[in-house]
Amino acid sequence: DLYPNYTPSQLFQTTLTKLHSYIHTQLESTSQPKSILEQHILETQNFSPDNLSSQFEEMAAILELLPSEILDIAPLEWERFYTIGMLAAEMISVENTIRKDLLKTRNGVDRMKIVLRELERKEDLARTKKLTMEISEQSILKDRGDDDLIEEEKGVKESEETKTQEEEEDSVVSDGGDAKDLKVGTPSLPPWASSLKKGLRVEYYWNDLEGWCGGVITNDPVRIVNEIILEITFDDGEVHRIPFLPEEKVRWRPGS
18 DLYPNYTPSQ
28 LFQTTLTKLH
38 SYIHTQLEST
48 SQPKSILEQH
58 ILETQNFSPD
68 NLSSQFEEMA
78 AILELLPSEI
88 LDIAPLEWER
98 FYTIGMLAAE
108 MISVENTIRK
118 DLLKTRNGVD
128 RMKIVLRELE
138 RKEDLARTKK
148 LTMEISEQSI
158 LKDRGDDDLI
168 EEEKGVKESE
178 ETKTQEEEED
188 SVVSDGGDAK
198 DLKVGTPSLP
208 PWASSLKKGL
218 RVEYYWNDLE
228 GWCGGVITND
238 PVRIVNEIIL
248 EITFDDGEVH
258 RIPFLPEEKV
268 RWRPGS
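This is how it looks when you write it as structure tokens:
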């Protein structure tokens, strides 16, 4: 059994996380300069990588919006399980036999497990393909005696990696940060966020005019990857669904 000790919510988050990782890996792969062997294969198949890159860019954009829209799209838990299972199946282009299994499966948890199994298989294939391409390219160049071209290929890859790192550092510095901030890692939710549940009071900093606004969590929090969707009934009677994001954790605090 795949992930036997995972709860349905954990399976949902794992599926979404792995789908994020897979799509971004594919997007990165299509946007990187092609090796000599890859260029040869694309040319012989008369295939343009631009179309594939655009598809993955669209998928990545959908996944960015999904956490904030999922409760409106699928308000019930079983609907969310169905949505993520079928969406993932489409994005990773599962075979028709797997599609049939997904449609026949009435249990949303079992459906997510099927998709997760396919996601892991696709990840393994992608890693194997990358390794095979690297070995094959080196072998072809050596057979041709193109030692200089091998070194040139290595130089191009190293140059691209250095350029990407420098661009990231420049981006951080231009935003008022420091290049050393890159080593800090991504922000995370505060420890007290793990205890959030229906019925607890929280306070949210709305804006400079309204200041801190208190309210009660009126529905079970929905955890999606590294954020939490909270439905809050504020003290003035208004109800809002607000994502608790790691980068906005300073706007949240436990209720008093």
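In the working numbering, the protein residues as written are 18 to 273. Note that the Cβ used here is the ideal one computed from N, Cα and C, for glycine as well.
Where do the N-terminal and C-terminal ends of the beta strand (DSSP E) with residue i fall, by residue?
| i | result |
| --- | --- |
| residue 24 | Unbroken run through residue 24: none, as it is neither H nor E. |
| residue 240 | 239-241 |
| residue 245 | 244-251 |
| residue 209 | Here residue 209 belongs to no beta strand (DSSP E), and DSSP marks it neither H nor E. |
| residue 271 | 269-271 |
| residue 260 | 256-261 |
Can you name the residues that DSSP bridges to residue i?
| i | result |
| --- | --- |
| residue 115 | Partner(s): none; residue 115 has no beta bridge. |
| residue 232 | 219 and 251 |
Quick check on the burial criterion: 16 or more other C-beta atoms within 10 angstroms. Buried or exposed for residue i?
| i | result |
| --- | --- |
| residue 199 | Residue placement at residue 199 is flagged as unreliable, the pLDDT there being 41, under the threshold of 50; the coordinate-derived value follows with that caveat. Residue 199 is exposed by the Cβ-count criterion. |
| residue 210 | buried |
| residue 136 | buried |
| residue 228 | exposed |
| residue 219 | buried |
| residue 185 | Because the pLDDT of residue 185 is 47, which lies under 50, any placement of that residue in the model is unreliable, and the number read from its coordinates should be weighed accordingly. With fewer than 16 other Cβ atoms within 10 Å, it is exposed. |
| residue 247 | buried |
Helix, strand or coil for residue i, going by three-state DSSP, please let me know.
| i | result |
| --- | --- |
| residue 102 | helix |
| residue 223 | coil |
| residue 123 | coil |
| residue 109 | coil |
| residue 92 | coil |
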